[in-house]
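Asker: Handing you a structure now.
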Amino acid sequence: MDKEEQRPQTSPHVLIFPLPAQGHVNSMLKLAELLALAGLNLTFLNSDFVHEQLLRHTDVVSRFLKYAGFEFRTIPDGLPDEHPRAGHAFMEIFETLESITKPIFKEMLVNMKPRVDCLLADGVLGIAVDVAEELGIPIVQFRTISACSTWAYFAVPDMIQAGELPIKGKEDMDRLITSVPGMETFLRCRDLPGFCRVMDSTLQRISEDTRKNFKGHGLLLNTFEDLEGDILSHMRTKSPNIYTVGPLHLHLRTRLCDSNQTLFDQYSSSFYEVDRSCLSWLDKQPKGSVVYVSFGSLTVLSSEQVFEFWFGLVNSGKRFLWVLRPGIMPDEGKNIPVELMEGSKKRGCIVSWAPQEEVLGHGAIGGFLTHSGWNSTLESVVEGVPMICWPYFADQQINSRFVSQVWGLGLDMKDLCDRHIVEKMVNDLMVERREEFLKSATKMAKLAKECVNVGGSSYCNLDRLVEDIRSMNF
Ligand code: UDX
């Protein structure tokens, strides 16, 4: 029997379309599996590039094909094969998605069998909204970032109208922004995404796409009410149909476990080869003694920046596990100072890609030096691990402000990259202010678990989403 015949005949057909980037694909796959468990017919649309990485490094594709009614399709992202798809150059993908991918996507939707009843598209894919509108297909948008970042993006036109944007240079960075409801007392210019600093076409596109998020049939967020309830109540004045279903990775784990699924095992959707040797290294370290350091899948660093972090970590005297992803340092960091090599041998472990969810859940981890990507932030929240934030771009600047100022879950290093500051922050997190951060982190981790349990807010919102898709009740 081919996949078409296996599809549950009475279930609607949902097409899921993520932005082709690690952080987005990870959370969309978790969502897809939750919907597959609920018995929906699903097609997951990957870019050719992403699909190839998944096939090469994971067993995700065969895992998902075990669900009747689940299918992967692929589409070009329009970038040449050799494009780095990282750092600020990643933003070029939005041009090729518009010029190359969009017409192919439209034709694909027109011809797809069975007919697509509902599109569940990444909220940064304005092209999906345009095509859905043109073809009259109901669309639910999934914004994979935090509610607080989505809300600040939404407010960009208001900030411009209030004369709070553009930012007027480096000396303007500590000015308070007062036109984002719910953030009036703590949001500074330096907490806004990098593209607010330059006011170019990226800012305009992101702001326009975010406005579109509030106009679809519903807006889905990978967050939970106890974490972002205040901001969500402001957002609901503009879009009443918001589904908070996160933290998705924990939600999926919980539902698989509840349904006694044999598929309840750790699996990777990484675009890189996962080095699991760091788990045995962690097994040998004392409880809560290791700082985990990772800057996600898109951050690019100069060798000077890498050396500043490295010196800071070595000089702190703390143990560390560091992910130095292939391509993270395009200038390759030749001539690594000898004291760094020696310091790492004594107390460090460096890998090119880690099983991050498992690492953060390991008892030896005591803190996370992160770029504040939203998945990393949620993974840390779930495991009750305090954070030092060094945001790189986009939503990360706002996330890091909330981690430090609103949730009290850690420290925000912001624009600084200096070995002395790294050393001090590591010591503050792991020693001086440890109890304070651990207390908040443990409390938030408990709330995260409650919201994905039966009757919790995310649990109920997912059921509501499935029901609304089944009845097309938007
Ligand atoms: C991007 C954006 O940069 C981020 O700000 C946005 O919120 C989502 O999309 P990325 O930069 O990769 O994602 O960060 P993040 O959201 O943290 O996602 C990284 C994912 O890769 C996480 O799920 C993390 O568990 C995983 N990862 C990272 C690994 O599995 N192993 C690693 O070694 C590093």
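Just so we're aligned, residue 1 is where the sequence shown starts under full-length UniProt numbering, counting upward by one. Don't be surprised by glycine CBs; every beta carbon is placed ideally from N, CA and C. Predicted, not measured: the structure shown is a model, and the values here were computed from it.
So if DSSP puts Trp322 in a beta bridge, which residue, or which two residues, is it bridged to?
Answerer: In DSSP, Trp322 forms a bridge with Val293, Ile350.
Asker: Give me the pocket residues for the ligand UDX, defined as CB within less than 6 Å of any heavy atom, sorted by chain position.
Answerer: That gives Ala21, Gln22, Gly23, His24, Asn26, Thr144, Ile145, Ser270, Ser294, Gly296, Ser297, Leu298, Val323, Trp353, Ala354, Gln356, Glu357, Gly373, Trp374, Asn375, Ser376, Glu379, Ala394, Asp395, Gln396.
Asker: Are the beta-carbon atoms belonging to Pro386 and Leu429 less than 7 Å from one another?
Answerer: In contact: Pro386 and Leu429 (Cβ atoms closer than 7 Å).
Asker: Report the three-state DSSP secondary structure of Asp122 (helix, strand or coil).
Answerer: Three-state DSSP puts Asp122 in a strand.
Asker: Within 10 angstroms of its Cβ, does Val110 collect 16 or more other Cβ (buried), or is it exposed?
Answerer: Label assigned to Val110: exposed.
Asker: Compute the Euclidean distance between the alpha carbons of Asn213 and Gln22, then round it to the nearest angstrom.
Answerer: Using only the alpha carbons, I get a separation of about 21 Å.
Asker: With burial defined as no fewer than 16 other Cβ atoms inside 10 Å of the residue's Cβ, what is the status of Ala89: buried or exposed?
Answerer: That one is exposed.
Asker: Restricting to runs no shorter than 4 residues, where is the alpha helix (DSSP H) found entirely within the stretch 323-408?
Answerer: Segments of the alpha helix (DSSP H) lying fully in the stretch 323-408: 338-347, 356-360, 374-383, 396-401.
Asker: Which two residues bound the contiguous alpha helix (DSSP H) that contains Glu33?
Answerer: Per DSSP, Glu33 belongs to the alpha helix (DSSP H) from 22-37.
Asker: Is the stretch 359-372 touching the stretch 113-127, taking contact as three or more C-beta pairs under 8 Å?
Answerer: No contact exists between the stretch 359-372 and the stretch 113-127.
Asker: Phe154 lies in the beta strand (DSSP E); which residues open and close that run?
Answerer: Premise fails: Phe154 lies in the alpha helix (DSSP H), 147-154, not in any beta strand (DSSP E).
Asker: For Ser47, which residues does DSSP report across the bridge?
Answerer: According to DSSP, Ser47 bridges with Ile75.
Asker: Along the chain, where does the beta strand (DSSP E) that runs through Leu219 open and close?
Answerer: Per DSSP, Leu219 belongs to the beta strand (DSSP E) from 218-221.
Asker: Taking the beta strand (DSSP E) that Arg143 falls in, what are its first and last residues?
Answerer: Run containing Arg143: 139-143, per the beta strand (DSSP E) assignment.
Asker: Touch check for the stretch 177-187 and the stretch 201-220: three-plus C-beta pairs under 8 Å?
Answerer: Verdict: no, contact absent.
Asker: Give me the DSSP bridge partner(s) of His13.
Answerer: According to DSSP, His13 bridges with Asn41.
Asker: Please list the terminal residues of the continuous beta strand (DSSP E) segment that includes Gly410.
Answerer: Per DSSP, Gly410 belongs to the beta strand (DSSP E) from 410-412.
Asker: Rounded to whole angstroms, what is the Cα-Cα separation between Leu360 and Ser380?
Answerer: For Leu360 and Ser380, the distance between alpha carbons rounds to 6 Å.
Asker: Using three-state DSSP, classify Asp463 as helix, strand or coil.
Answerer: Looking at Asp463 - three-state DSSP - the assignment turns out to be helix.
Asker: Following the continuous beta strand (DSSP E) through Ile242, name the residue where it begins and the one where it ends.
Answerer: 242-244 is the extent of the beta strand (DSSP E) around Ile242.
Asker: If you run the structure through DSSP and keep just helix, strand and coil, what is Arg276?
Answerer: Of the three classes helix, strand and coil, the one that applies to Arg276 here is coil, per DSSP.
Asker: Taking one C-beta from the stretch 217-228 and one from the stretch 239-248 each time, how about it: are there three or more such pairs within less than 8 Å?
Answerer: Touching, yes.
Asker: Which stretch, first to last residue, makes up the alpha helix (DSSP H) that contains Pro103?
Answerer: Per DSSP, Pro103 belongs to the alpha helix (DSSP H) from 102-111.
Asker: Tell me which same chain residues have a C-beta within less than 7 Å of the C-beta of Phe264, skipping the five on either side of it?
Answerer: Annotation note: pLDDT 48 at Phe264 (below 50); position unreliable, no value reported.
Asker: In three-state terms, what does DSSP make of Phe186?
Answerer: Phe186: coil per DSSP, three-state reduction.
Asker: Leaving aside the five residues before and after Ala155 along the sequence, list all residues of the same chain whose C-beta is less than 7 Å from its C-beta, in chain order.
Answerer: Ser179, Val180, listed in sequence order.
Asker: On a CA-only basis, which of Asp81, His83, Thr442, Val129 is nearest Lys102? Give me that one, please.
Answerer: Answer by Cα proximity: Val129.
Asker: Do you know how far the Cα of Leu97 is from the Cα of Ile127?
Answerer: The alpha-carbon atoms of Ile127 and Leu97 are separated by roughly 7 Å.
Asker: Using 8 Å as the threshold, is the stretch 135-155 in touch with the stretch 391-411, meaning 3 or more CB pairs across them?
Answerer: Verdict: yes, contact present.
Asker: Are the beta-carbon atoms of Phe44 and Ala32 separated by less than 7 Å?
Answerer: Yes; because the gap between Cβ atoms is below 7 Å, this pair is in contact.
Asker: Taking Val323 and Trp353 to be in contact with their CB atoms under 8 Å, please state how far apart those CB atoms are, rounded to whole angstroms.
Answerer: Contact holds; Cβ gap of about 6 Å.
Asker: List the residues that DSSP assigns as beta-bridge partners of Phe70.
Answerer: Per DSSP, Leu42.
Asker: Is DSSP giving Leu176 helix, strand or coil here?
Answerer: Strand.
Asker: In angstroms, rounded to a whole number, what distance separates the CA positions of Leu19 and Gly169?
Answerer: If I take the Cα positions, the gap works out to 32 Å.
Asker: Excluding the five sequence neighbours on either side, which residues of its own chain have a C-beta within less than 8 Å of the C-beta of Asp415, listed in chain order?
Answerer: Cβ neighbours of Asp415 beyond the five flanking positions: Met173, Arg190.
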